[in-house]
Amino acid sequence: MGSIETKEETLYTFDQLIRQRAIDEDQSPLLAYPKSKLGITDYELVNGKQFNRFIDCAAKSLIKAGVAPVYENTTVGIIGNSDLDYIVTIFALGRLGYTTFLLSPRLAVNACVGLLSGQNSKLLLHGSPYLDIATNTSQEIPLTLLQILSREQYDFDDGGPEFARSGVDNTKEQFKTLIMMHSSGSTGIPRPITYTHKRLMVTLLTSQRMTSFQSMPMFHAHGFVTMIQAIFTRKVIYLFNGNVPQSHDTVVPAIRAAKAECVWTVPYVLKLLLEKPDGLEALKPSRLVSCSGSRCPDELGDTLVNNGIHFGTNFGATEVALILSSLDRPREDKAWDYLRPVPHAVPYLLFKPIDGDIHECVVLDGHRGKVMTNSNDPPNSYHTKDLFIPHKTLHNAWKFVGRLDDRVTLTNGEKVLPLSIEGRIRKDPLVKEAVVFGVDRPIPGLLLFRAPIAESLSDDEFLDAVWPSIEDANSRAEAFSQISRNMVAVIPADVDCPSTDKASIKRAQVYREFATTIDDIYTTLENNNSGTLKLSIPELEKWVIDTFKAINVTLPDIKADFFAAGVDSLKAIQMRGLILGDLDMGGNASKLPSMIVYECGDTEKLAKRLYAIRTGEEINGDDVGDSELEVMEKLIEEYSIFQPRVPGTSKVSGGSAVVLTGATGSLGSHILSQLVASTAVTKIYCLLRPSSEPSARLTSALESRSFGHIASSPKITALSCDISTTNLGLPSSVYETLQKTVTHILHCAWAVNFALPITSFTQQLSGLQNLLTLSLSVTTPTPARILFCSSVGAAMATPSISTSTSPIVAEAPIPRFTDAAPTGYARSKLVAERIMQAAAEKAGAAAMVLRIGQIVPGRDAGSQLWSDSEAVPLMVRSALVLEALPNELGGGRDECRWLMADDLAKTMIELAGIGAEKMDDSKQLVYNLVHPKTFSWKNDFLPKLKEAGLKFETVLYVEWLDKLRSSSSDVEKNPSRKLLGFWEAGTQEKKEVIFETEKAVKDSAAFDAAGLVIEGDMVSKMLEEWKQVW
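Just so we're aligned, residue 942 is where the sequence shown starts under our numbering, counting upward by one.
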């Protein structure tokens, strides 16, 4: 659709539509606007004949003022209040052939200059209140200034014929731009957005055929579109006076006087309306109430729906028009906050999995409202950066939860979605604005802007008064998203929060302007020991338990494990801050490790440690509990208990049946793809974390990794389970089916968190034990072969035999606990290797350990996107800012042994013996899977990057580090800065650990033939993928 069929003719342009409304037999009013300058309820009704006359006379007045008709693309700017003068002037300019650029009056001069100069504009129309900004803009670029037409310049009858440009072909005119708008600029400089006649005609598809009241300005897409929809449907729209401030006392009478069937507004105005009971009463007669522009807080929408008002929202963007709505849902459906794709957009919307249930909305090529493209994945698509979660039962219903650039990503990778937290706190009448911060910080915090009525309160009194609202927001948020009292910064009432016209937070600008305040919060958290309590060990034990309870962690006794009780890394950091704030550390606060909570593990040990730090006592390992190395020994003992294998008698009919964990991950999806393609595999059981819809979750994950085509394979069964529990948390009947059919188990899933101690990996170790138990309990004559994906980290601290040689790691069990890298993650992998070894030696398990190195995307299948949060992609990305890359990877390392994911998946399947006639008992217990061949970072990889088009110079590692230190500290624009500390630690030259691979080469043809990432166009493909997300 790009035109409108009427009885008389096909309409292609809005000027045709307005002329048609002038000759319609039905002269119902189209618009209603207050007659007086500051009027609220004195609506003047304007029908089609009047509106066309206004526009015709306005066009003639513009010609007299020197604005001649044009036939080529010519853009003029307009800045003013959204009153009748403004609307008539825009359509008159359109009749003359101009494109009108609608500028927000809140734009800064430099933004106006940038937008208008980009269109080569020579004329700027302005309302009288905006003469200064128009003048200042014209001093930067050559512009003729003209005041927006006034009523006397278009409300007259000259008796002459209507003006019309001669020779206009409307079938071609429909492709011309009628108006331009701009993005809000919430993440930077506003971007221009074009609206052709054809595109605006498409918006008429979603017209609500109801009389309406509208309080949004015309320079917002929804405000303009609802107005033109009213002109199309001939259902009068009552426009709020653009010259009057919007408050409860002005908007309520305006709505009452309109008596409209539908109310269109923004969340901020809805909040104003609900400040007093008469606002709610004013909305009740309406058949429909809706808002747009920014997210409506849940509490606001719930209040409306619970009071019998049919409330819903539209969702769209200037770049893609309307794509989602909850307006047309059945009236008994209360899920106002779950949006459904509008019918004409259904085939063109893709919800791309981002993190768990969170999806990004992607608009595909072919959607008629899409005017911009920002990605070729899929081709010519527009990634909105808007995030949604699906409804648990309603099909294709989605709740907006924030934007990709809104997400506050903490240092541990957890992603806080701030909008619901901010929306709940903002509802408090004492709060003007609330902004969550914490990007690349350990825990989130909150900037709290006072409302004027709270000006007289002290900071502590204000926080006391608002704290119940913060607690309520915390009660609805995930644990890592909750705000503690010591992380709140109170902002004075006379300080404004940077926001857009739609009352949306300009988050990046807030973070810049309040950077010092935010830094001070974290400095205090980290270093300020202001506590005065001097407690004995029993008193400390009570304080620890009580303090954890205050941050929603219940500890049944002093020996309860912190991690098992729900103390995540954020709670651990938060607790350290509370320790410093409450307890006297005797001047020894610097001896308080950042992860002291995890290091101690339970209340008893933490209390002893805190007491010792304050008193300056020496602390032996026995005083604070077993060392991690001793814990490793105990964990191996605990999780290596197996019943000896008793061979069964059942025969497996057909091919291999495989249990796969980690199928939603990068490597797992490659393995699953190859298992589906293998004729030797008849069944694949994908074990997924507990979920109400495991199949949907698996499908979403596969689609995000470009493996969506295999999701419907009849071989795949997705099972929701908890492998750390008995029988893997599966129903008995399902577990028994696995025992009767499974031939192979490929275990790829493992928690990746380098901050956790070894004791926090007990669930993973229990899961491994349970999978080994399954492999031993199958009813076939031979046990199911089980492969465990270990990590080279389990041996990265292996010592050299001499100072002149590099450490060598054999394809064999690791002899010493100290050979593992000193992280809980690496040590957990080594413990797991020992458990696999014990199961093989003591119980007859067909166990195999795969010690895997750096994995990169596959060449021939799946996405070529190497996660841009990893070290190497971030190093490469630094070239965009520094225009330089280092000549080594740090520590003198130049050799790369990266293995592509598709080659690794093939290798694993071969080593597992899937498809082999019988199990090969001679297979190794351990294989090292780093690439058997090497290439040079400096001489091979960097030249390939240059060939692919990345511009940089190669510099010494220390020089590159200096450039990185001197570069912008804004990690949103310069994310490579996130790993500065990690790379600084790589300045000391170390002997590279060498992993032997001869046995893997011998036993796997795929491994032997594995390609190098520098071969062919693979580097170019990876760079293209990176560019899409950078």
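Built from N, CA and C at the ideal position, the CB exists for glycine as well.
Just the Cα atoms here: how many angstroms apart are residue i and residue j?
i: I1299; j: I1749; result: 43 Å
i: V1565; j: G1557; result: The predicted model places V1565 with a pLDDT of 39, which falls under 50 and marks its position as unreliable; any figure quoted below should be read in that light. Going by the C-alpha atoms only, they are around 14 Å apart.
i: L1964; j: L1886; result: 8 Å
i: Y1289; j: L1265; result: 11 Å
i: L1821; j: L1905; result: 11 Å
i: L1245; j: K1340; result: 17 Å
i: V1797; j: D1903; result: 28 Å
i: M1737; j: K1326; result: 39 Å
i: I1793; j: S1653; result: 30 Å
i: V1600; j: L1291; result: 30 Å
i: L1345; j: S1743; result: 50 Å
i: I1103; j: T1015; result: Residue identity check: residue 1103 is Glu in the sequence provided, not Ile. Each residue's alpha carbon lies about 22 Å from the other.
Using a 10 Å radius around the Cβ and a threshold of 16 neighbouring Cβ atoms, would you call residue i buried or exposed?
i: L1628; result: buried
i: Q1584; result: exposed
i: P975; result: buried
i: T1770; result: For clarity, residue 1770 is Lys in the given sequence; the question names Thr instead. Its Cβ being crowded by 16 or more others within 10 Å, K1770 is buried.
i: R1918; result: buried
i: K1356; result: buried
i: V1693; result: exposed
i: Q1805; result: buried
i: R1646; result: buried
i: E1374; result: buried
i: G1007; result: exposed
i: F1097; result: exposed
i: R1726; result: buried
i: I1178; result: buried
i: P1383; result: buried
i: L1883; result: buried
i: P1916; result: buried
i: F1378; result: buried
i: Y1012; result: exposed
Using only CA atoms, which one of the options lies nearest to residue i?
i: G1799; options: T1714, S1614, S1661; result: S1614
i: T1848; options: N1828, N1869, C1837; result: N1869
i: A1767; options: T1723, G1803, L1717, L1697; result: L1697
i: T1167; options: T1076, K1200, L1387, C1232; result: C1232
i: N1711; options: Q968, S1745, C1662; result: C1662
i: P1271; options: L1043, A1286, F1252; result: F1252
i: D1024; options: G1307, T1112, H1067; result: H1067
i: V1675; options: I1664, L1687, L1660, C1689; result: L1660
i: G1234; options: T1254, Y1279, L1902, E1240; result: T1254
i: N1061; options: D1809, I1082, A1049; result: I1082
i: K1311; options: F1421, T1137, A1198, K1624; result: T1137
i: G1785; options: I1366, G1379, R1586, M1151; result: R1586
Taking only three categories from DSSP, how would you classify residue i?
i: M1841; result: strand
i: V1011; result: coil
i: W936; result: Residue 936 is absent from the model: the chain starts at 942 and stops at 1971.
i: C1302; result: strand
i: A1736; result: helix
i: K1932; result: coil
i: I959; result: helix
i: A1820; result: helix
i: W1924; result: helix
i: D1487; result: helix
i: D1296; result: strand
i: R1792; result: strand
i: K1326; result: strand
i: C1976; result: Within the shown structure, residues of the chain are numbered from 942 to 1971, placing residue 1976 beyond reach of any answer.
Using a Cβ cut-off of 8 Å (strictly closer), state whether residue i contacts chain B.
i: R962; result: Any reference to chain B falls outside this structure, which holds one protein chain only.
Verify the contact flag: residue i, CB atom, against every heavy atom of the ligand NAD, threshold strictly below 7 Å.
i: E1114; result: This structure does not include the ligand NAD; it has no bound ligands of any sort.
Handout entry: Residue ranges of each alpha helix (DSSP H) within the region 1331–1376, 4 or longer
Key = 1359–1367
Handout entry: In chain order, each beta strand (DSSP E) run of at least 3 residues that lies wholly inside the region 1065–1102
Key = 1085–1088
Practice task
Any chance you could list the beta strand (DSSP E) runs of at least 3 consecutive residues sitting entirely within the region 1020–1074, in chain order?
Solution key: 1040–1044, 1064–1067
Practice task
Jot down the residue ranges of each uninterrupted alpha helix (DSSP H) in the region 1112–1188, minimum 4 residues, whole runs only, in chain order.
Solution key: 1138–1143, 1162–1174
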